[in-house]
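Everything on this sheet refers to the single structure shown next.
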Amino acid sequence: MRELADGVWHLSGFPPNNINVYVVGDVLIDAGIAFDRRRILKQLAGRDITAHALTHAHFDHYGASHAICETLGIPLWCGAGDVAAAEAGKMVAPGGRMVPGPRAHPVARALREGDDVAGFAVLDVPGHSPGHVAYWREADRTLVCGDVMWGYNPFILMGGVREPFSFLSPDPGRNRESARRLAALEPALVCFGHGKPLRDPAAFSAAVAKLG
Ligand SMILES: [Zn+2]
Ligand SMILES: [Zn+2]
């Protein structure tokens, strides 16, 4: 794994930057798809990880969460609005119905706006999922933004910063509001759920402004 900012690590994966997993301090953020269990555990070996937090409860962000929490004996945390999905092994689809997701796991802590996670403030940024959260460290303007915006199109591994496809978000309008909120922070470093880390606040704002 590679250090992106003080205490912020990006795990390697293949294809690179496609399904992103981070470590901030002693907290694992997101856990990819079920298949990512081995690559994550391998890279965490020898590190002191005390908790696992999600940006949101989608299959490509909590796919390996159950296995990793069990193996490491650590608690799972996620945004309050996504607790029901994570604990049921489901995801909230457009229209609000629950569709099958990865293996369920009990959530030990429901995260709320302003909570502290390893020196990052929790921001409620719903829309792409009901309980989507981002993690923000004002001191060096580092943002872990999950899927509020994508660094590129993860299906074709190309393209610029964009919003997630609306058929993946239960409330795309609300997600745009969340994106505007994040752009207004002018993050110096954006760590996306999908796509390369971005150190270009103007590019991030421009992509969000284009959404209208
Ligand atoms: Zn997602
Ligand atoms: Zn995703």
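Its first residue numbered 22, the sequence shown is counted upward by one per residue in the working numbering.
Each residue gets a CB set at the ideal place from its N, CA and C atoms; glycine is no exception.
- The residue among Asn38, Asn196, His87 and Thr71 with its C-alpha nearest the C-alpha of Val154 is Asn196.
- Not a single heavy atom of ligand 2 lies less than 7 angstroms from the C-beta of Asp103.
- In this structure, Asn41 lies near Gly214, with their beta-carbon atoms less than 8 angstroms apart.
- For Phe213, the uninterrupted beta strand (DSSP E) segment begins and ends at Leu210 to Phe213.
- In terms of Cβ geometry, Cys212 and Val169 do not form a close pair [threshold 8 angstroms].
- Scanning its chain for C-beta atoms nearer than 6 angstroms, with the 5 sequence neighbours on each side dropped, one finds around Ala55 the residues Gly84, Ala85 and Pro123, in chain order.
- Leu32 is the residue among Val45, Glu24 and Leu32 whose C-alpha sits nearest the C-alpha of Asp57.
- With a threshold of 7 angstroms, the Cβ atom of Asp168 counts as near ligand 1, since some heavy atom of the ligand is closer than that.
- A distance below 8 angstroms between beta-carbons, with the five flanking residues on each side excluded, links Pro121 to the following residues of its chain, in chain order: Gly110, Lys111 and Met112.
- Contact holds between the stretch 73-80 and the stretch 96-108, because three or more Cβ pairs, one in each stretch, are under 8 angstroms apart.
- Annotation for His126: Ser86, His87, Cys90 and Leu97 place their beta carbon closer than 6 angstroms to its own, counting only its chain and skipping 5 residues before and after.
- Nearest to Asp27 by C-alpha distance, out of Ala107, Val146 and Asp161, is Asp161.
- In the DSSP assignment, Asn174 forms a beta bridge with Met179.
- The C-beta separation of Leu219 from Gly172 comes to about 6 angstroms, placing the pair in contact by the 8 angstroms criterion.
- Pro193: member of the alpha helix (DSSP H) spanning Pro193 to Ala205, first to last residue.
- The shortest CA-to-CA distance from Thr92 to any of Pro185, Val104, Lys231 and Thr71 is the one to Thr71.
- Counting along the chain, Lys111 sits inside no alpha helix (DSSP H); it lies in the beta strand (DSSP E) bounded by residues Lys111 to Val113.
- Between the alpha carbons of Gly34 and Lys63 lies a distance of about 11 angstroms.
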